[in-house]
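Beneath this line is the structure, given in structure tokens, with notes to follow.
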Ligand SMILES: Cc1cc2nc3c(=O)[nH]c(=O)nc-3n(C[C@H](O)[C@H](O)[C@H](O)COP(=O)(O)OP(=O)(O)OC[C@H]3O[C@@H](n4cnc5c(N)ncnc54)[C@H](O)[C@@H]3O)c2cc1C
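In our numbering, the protein residues as written are 1 to 759.
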């Protein structure tokens, strides 16, 4: 028994001192991906999270689906899902949890962190104070865990603030902003007026479920009593829940840091008032058996402080897709601002406009310009209020977190500070290390000088020569315009033969379009247009273009809408080839065409987006001359996803044993083989609530083996579902040849791979 009598004075907490290389504060997607990346690259990390699970707004406590540049597949950012650790997490979540159960997602994040021996995870532990060695350097943080009544003293040379509100940056005295910039500062056309509001508010969600029998409901006294206070109350329906209610927003007129508890009560009032309306207004008889299954207790925060780095990202960088020498990450969510009155506003609940493609985020946005050993990740990075409207989403935040994790690892290796990597001499190293782990920095391939695969004589069992997308699929009704995205070559006069079925004599409007920027997928340059007469019935249509492309790039073969015509599709799918449709996706302000307000700083263009499987079959066609761009040399071109071209080796449809062989003149020491497979970077993989039709992406190679020059099996992999596979021999391996044998992933999908890196 422990017995203590009256203690003169006050007792002290138990204090635990933890020394590490990096302390990451905040276990949202940004902090979690920063910590994992740093840990995997040899850095001892303490990850401090003030709540019981990881994921921040993406956790089961808040239940937002993680999104980024893919924008629900609703804009023109093709193959834009963020690579690296966040990709690994989302692919794993798809595999284990395609139904989108938020609790399962928690377990995946916790497992990923728990498996990293270099991470000390402090859950339920809140950082509340810090110490500095001088004006510009933090020496340690103070944190407290109420569950084990322990105070932590966290000492490290480097810190990362990924806490959302920026507790570390704030306490350390770093420059920050809150609210919108004056338009004069950066000339951003989308700068909101004071009336519209300068801050985005918080939101909380609820889930309901059908119990199969009548459930009564008595609202708490703090519930909203007059539903008409919510101007859009008529759009509320039974069956909606979670992310459907992203517009239950409040707090943008106040101080979104210090007013948070008050904001939470207001949001609870809204939720319970809405539920009272659904259950007891008499307008929703179908709600009789429904009960509230879960209500958020932690508000999802959108915006508060933004900290200043040496560079501040602005609207023009996003719209014009500025090239930065220190580009390390990318975004692609629309610039998405909300009226500060939120749920009580008469205005549309959001105001969002897209760019024509993804944009780069420079490294200089990820560390404080004042505090020399402070990195920043997540929604608080150095971006203007308008640019933040896009950078704030979780996959973008996580992708930036990876930058911080890798930069911290390199700072540790080289004994330097964050700003030292901003110079042109070291930034290349950071970019290369990130790309080798899947970052896919726009326009920047993996540098090949250390890739033994690039030094080998590479031979393939065969290469796809795409002369036909077979005519074996459904008929697509051209009520909505459709297109086929194809990697085309410059100066080639292409001819296509498609099969159509016309209900009456009519014509087919066909266009060949490309993007004005070769790396984009927004068709805004007409190469040639043809109007082809059709007779009634099924017929083959010959489309011969005389104009050619000026550059190698993706081309759009577009069939304008004609409700009297159907076009034949194909069951076959392959890497880097996708059909697109001029449909709408109002959830992300896609109404077929973007027509922004004058002087808002955005451009007008059409949206051409794929459809989610099992829909979205390719349009069947003969292609003359065939596309001959799936060579095995692509696996050493440094790109790990389609970019300007498919960048994949694709085996022939009928190749009975797809394989790649590597031969060197001299035996080579093999330390690792890294394979970059196709897990469809177009698929947004929303983490929560929204289900997905498949748990493994159809393009992803499941089974393969690696053999040495004598044919001895060195490694076999079955049932792979991940994007990146890295194999390290258990004992020293010297060989003058490697053979990698693959199985086609599916009957209708030929084996393909983007990149192989051997060192
Ligand atoms: C309603 C709503 C809808 C949204 N819709 C989407 C969407 O559809 N998709 C999308 O991707 N994004 C969406 N966003 C934006 C996105 O959720 C946030 O911008 C994002 O979560 C920011 O990531 P983060 O890692 O910076 O912060 P957070 O996710 O907030 O993570 C920060 C973490 O730090 C922890 N923390 C804070 N202070 C401390 C401290 N002192 N000590 C220790 N830990 C601390 C917090 O508990 C939290 O877990 C939405 C946001 C809201 C509110």
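Where a beta carbon is used, it is the ideal one built from N, C-alpha and C, also for glycine. No experiment lies behind these values; they were computed from the predicted model shown.
Task: Contained beta strand (DSSP E) runs [length at least 3] in the segment 348-428, N- to C-terminal order - done: Residue ranges of uninterrupted beta strand (DSSP E) with 3 or more members, entirely inside the segment 348-428 and ordered along the chain, are 351-353, 359-362 and 374-376.
TODO: Check whether the Cβ atoms of residue 539 and residue 501 sit closer than 9 Å, and answer yes or no.
DONE: In this structure, residue 501 lies closer than 9 Å to residue 539 by Cβ.
Task: Run of the alpha helix (DSSP H) containing residue 690, from where it starts to where it stops - done: Here residue 690 belongs to no alpha helix (DSSP H), and DSSP marks it neither H nor E.
Open item on the list: Can you determine whether any heavy atom of ligand 1 sits closer than 8 Å to the C-beta of residue 147, and answer yes or no?
Closed with: Not one heavy atom of ligand 1 sits closer than 8 Å to the Cβ of residue 147.
Task: Exposure label - residue 134; buried when at least 16 CB within 10 Å - done: Per the 10 Å Cβ criterion, exposed.
Task: Unbroken alpha helix (DSSP H) run spanning residue 149, endpoints - done: Taken as a continuous stretch (DSSP letters only), residue 149 belongs to no alpha helix (DSSP H), as it is neither H nor E.
Task: For residue 228, the first and last residue of its enclosing beta strand (DSSP E) - done: Element bounds for residue 228: n/a, residue is neither H nor E.
Task: Coil, strand or helix - residue 629 by DSSP - done: It is coil, neither helix nor strand.
Task: Under 9 Å between C-beta atoms of residue 204 and residue 264 - done: Here residue 204 is near residue 264, since their CB atoms are less than 9 Å apart.
Task: Sequence-distant residues of the same chain with beta carbon closer than 8 Å to residue 222, five excluded per side - done: The residues are 265, 268, 269 and 272.
Task: Alpha-carbon to alpha-carbon, residue 499 and residue 565 - done: Near 10 Å, if we compare the C-alpha coordinates of residue 499 and residue 565.
Open item on the list: Just verifying my parser: in three-state terms, what is the DSSP assignment at residue 287?
Closed with: Helix.
TODO: Could you tell me if residue 161 is buried or exposed, where buried requires 16 or more neighbouring beta carbons within 10 angstroms of its beta carbon?
DONE: Buried, because 16 or more other Cβ atoms sit within 10 Å of the Cβ of residue 161.
Open item on the list: I want to check one thing, is the minimum distance from the CB of residue 65 to the heavy atoms of ligand 1 below 8 Å?
Closed with: Relative to ligand 1, residue 65 has its C-beta within less than 8 Å of a heavy atom.
- [ ] Return the chain-ordered list of same chain residues with a C-beta closer than 7 Å to the C-beta of residue 146, the five sequence neighbours on each side being excluded.
- [x] Answer for residue 146: 124, listed in chain order.
Task: As assigned by DSSP and simplified to three states, the class of residue 569 - done: Residue state, collapsed to three classes: strand.
Open item on the list: Rounded to the nearest angstrom, what separates residue 723 and residue 72 at their Cα positions?
Closed with: Going by the C-alpha atoms only, they are around 20 Å apart.
- [ ] For residue 265, name the three-state secondary structure that DSSP assigns.
- [x] Note: residue 265 maps to helix in three-state DSSP.
- [ ] Rounded to whole angstroms, what's the CA-CA distance from residue 682 to residue 231? Just pull it up for me.
- [x] Whole-angstrom Cα-Cα distance: 36 Å.
Open item on the list: I'd like to confirm something about residue 379: is its beta-carbon nearer than 8 Å to some heavy atom of ligand 1, or not?
Closed with: At least one heavy atom of ligand 1 is nearer than 8 Å to the Cβ of residue 379, so yes.
Open item on the list: Distance check for residue 69 and residue 620, CA to CA, integer angstroms please.
Closed with: When rounded, the separation of the alpha-carbon atoms in residue 620 and residue 69 is 28 Å.
- [ ] Take the Cβ of residue 672 as the centre, count every other Cβ of all protein chains shown within 10 Å, and call the residue buried at 16 or more, exposed below.
- [x] By the Cβ-count criterion, residue 672 is exposed, with fewer than 16 other Cβ atoms from all chains shown falling within 10 Å of its own Cβ.
Task: Proximity below 9 Å, CB of residue 612 to CB of residue 544 - done: No. Outside cutoff.
- [ ] Indicate, with yes or no, if ligand 1 has a heavy atom lying under 8 Å from the CB of residue 162.
- [x] Yes - ligand 1 has a heavy atom lying nearer than 8 Å to the Cβ of residue 162.
TODO: Could you pull the start and end residues of the alpha helix (DSSP H) that residue 29 belongs to?
DONE: Residues 29-40.
Task: Rounded separation between residue 560 and residue 398 - CA only - done: Rounded to whole angstroms, residue 560 to residue 398 spans 38 Å at the Cα level.
TODO: Classify residue 752 as buried or exposed, calling it buried when 16 or more other Cβ atoms lie within 10 Å of its own Cβ.
DONE: Flag for residue 752 reads buried.
- [ ] Run the proximity test for residue 54: is its beta-carbon closer than 8 Å to any non-hydrogen atom belonging to ligand 1?
- [x] True, at least one ligand heavy atom lies under 8 Å from that Cβ.
Open item on the list: Quick check on the burial criterion: 16 or more other C-beta atoms within 10 angstroms. Buried or exposed for residue 103?
Closed with: Label assigned to residue 103: exposed.
- [ ] Can you give me the Cβ contacts of residue 481 inside the same chain, cut-off strictly under 8 Å, excluding the 5 residues immediately before and after it?
- [x] These residues qualify, in order along the chain: 558, 559, 560, 561, 581 and 582.
Open item on the list: Using a 10 Å radius around the Cβ and a threshold of 16 neighbouring Cβ atoms, would you call residue 718 buried or exposed?
Closed with: By the neighbour-count criterion, in which a residue is buried when 16 or more other Cβ atoms sit within 10 angstroms of its Cβ, residue 718 is exposed.
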